[in-house]
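Residue numbers (mature numbering (1 follows the signal peptide of the UniProt record, and there is no 0)): -23 to -1, 1 to 304.
The C-beta atom is built at its ideal place from N, Cα and C for all residues, glycine as well.
For clarity, every value in this text was computed on a predicted model and none was experimentally measured.
Notes follow once the structure below has been shown.
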Amino acid sequence: MTNKGLAKLFLFVVLMTSFSCMGPSGKKELKLAHGLPVDHPVHQAMEFMAKRTAELSDGKLTIEVYPAEQLGSEQQCVELLQIGSLAITKVSAAVMESFTDDYKVFGLPYIFRSKEHSFKVMDGEIGKELLLSTQNKWIRGLCYYDAGSRSFYTKSKPITHPDDLAGMKIRVMRSITAVEMTKALGGSPTPISWGELYTALQSGVVDGAENNPPSLYTSRHYEVCKFYSLDEHTTIPDVLVFSQVIWDKLSPQEQAWIQQAADESAVLQRKLWAESEKKSLEEVQKAGVKINYPDKAPFIEKVQPLLESYQSNPVIYSYIKRIQAVD
């Protein structure tokens, strides 16, 4: 067996032997793993959730948090979740597209009119429907975490109008909706893994990328890309997800504690995220990045045919119309 294979086997054994629903004195412990650093707003919100779960249950139910890919990559954590070897993890809503088409609606450009509009949708009936839409895949959504809005950052020129994207290779996530959106705006979408993007920008494999301010800052992509255009084309949330396998083994009271702690953590995370965005924009400006605030109207107009193309998908189109109708 290769070293990589041994490492996977060791991880599996550790999880299967150390994951517990039952600890000493009848106390239950759940494992939460994710790939983000400890100073990230999402990790801080998860730590708060763990603390609140312990408080609400008087220590009968606890959550142990493993950050920075200690228990595997995002994809591995989701797989462990599905078989009940891990209780909780965080994924982007874009990743959830691979489990149900319904989540594609979050990746559509300008589906939300504002930050406040996005929160109303996610906290309301539509958001709750989507959280529970993957139960048949053994994944249960608990709540949404703010991941900001994605905008273009580039090396050679700012993006002030969709026409500026013509002929430009833009790194996108491995998401069908991200590819379709970039094409609709006139760019050439180039899926590249996040870990390879810095080098790809340096070497000219791509001319730019798109992401939120904290990601631009923490990735240090601002060292290569000196133009950041806040067109805010998509607002794709993170999703805190729970293993349906483990959820079904919990009592209604335990489920209620977890859901309450998750909901409260989402409120805190939004506050922390807003602070992180402000700091990130200030820091990249100090590093010489020129921030532009383009008129969004031409961008919105350019993607309308993409939104209307979903008439051929009644489920997604219904979500589009319902989201647009939310005041």
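query: Extent of the continuous beta strand (DSSP E) to which Ala186 belongs; result: Gly185 to Asn188
query: Sub-8 Å separation of Ser206 and Thr137 beta-carbons; result: yes
query: Distance, Ala22 Cα to Thr212 Cα; result: 19 Å
query: Reference Ser91, options Tyr175, His210 and Leu193, closest by Cα; result: His210
query: Of the listed residues Phe219, Asp35, Gln52 and Ala155, nearest to Gln112 (C-alpha basis); result: Phe219
query: Whole-angstrom distance between Ser95 and Val222, CA atom to CA atom; result: 30 Å
query: Contact the segment 48 to 55 vs the segment 8 to 16: 3+ CB pairs below 8 Å; result: yes
query: Runs of beta strand (DSSP E) wholly within the segment 236 to 285 (minimum 3 residues, chain order); result: 267 to 269
query: Cβ-based burial, Leu109 [other Cβ within 10 Å; buried from 16]; result: exposed
query: Extent of the continuous beta strand (DSSP E) to which Ser220 belongs; result: Asp215 to Ser220
query: Lys298 versus Ala155 - alpha carbon distance; result: 20 Å
query: Candidates Leu217, Glu24, Leu57 and Gly3, of which the one nearest Gly36 by Cα; result: Gly3
query: Close-in-space but distant-in-sequence residues of the same chain around Arg127 (CB under 8 Å, 5 per side omitted); result: Glu187, Asn188, Asn189, Glu209, His210, Thr211, Thr212 and Ile213
query: Residues sharing a beta bridge with Tyr194, DSSP; result: Its beta-bridge partners do not exist; DSSP assigns none.
query: Close Cβ partners of Gly265 (< 7 Å) along its chain, the five nearest in sequence each way excluded; result: Lys203
query: Rounded straight-line distance, which links the Cα of Thr176 to that of Arg148; result: 12 Å
query: Sub-8 Å separation of Gln246 and Val19 beta-carbons; result: yes
query: For Cys54, the three-state DSSP class (helix, strand or coil); result: helix
query: Residue of Glu102, Phe129 and Ala124 minimising C-alpha distance to Tyr270; result: Phe129
query: Best match in Ile88, Ile60 and Ala70 for proximity to Tyr296 [C-alpha to C-alpha]; result: Ile88
query: Limits of the alpha helix (DSSP H) - the one that His138 falls within; result: His138 -> no alpha helix (DSSP H), and no H or E assigned at all.
query: is_contact[Pro229, chain D] using C-beta, thresh 8 Å; result: In the structure shown, chain D does not exist; there is a single protein chain.
query: Close beta carbons around Leu258, own chain, < 7 Å, minus the five adjacent residues each side; result: Pro190 and Ile268
query: Cβ separation of Trp224 and Leu33, assumed to be a contact under 8 Å, to the nearest whole Å; result: Going by Cβ atoms, the distance from Trp224 to Leu33 rounds to 16 Å, so no, they are not a contact pair.
query: Uninterrupted beta strand (DSSP E) stretches inside the segment 11 to 99 (no shorter than 3 residues); result: 38 to 43 and 65 to 69
query: Proximity of Thr131 and Lys146 at Cβ, strictly below 8 Å; result: no
query: Exposure of Val82, with buried meaning 16 or more beta-carbon neighbours within 10 Å; result: buried
query: Which listed residue (Gly118, Gly101, Glu252 and Lys279) has its alpha carbon closest to that of Val72; result: Gly118
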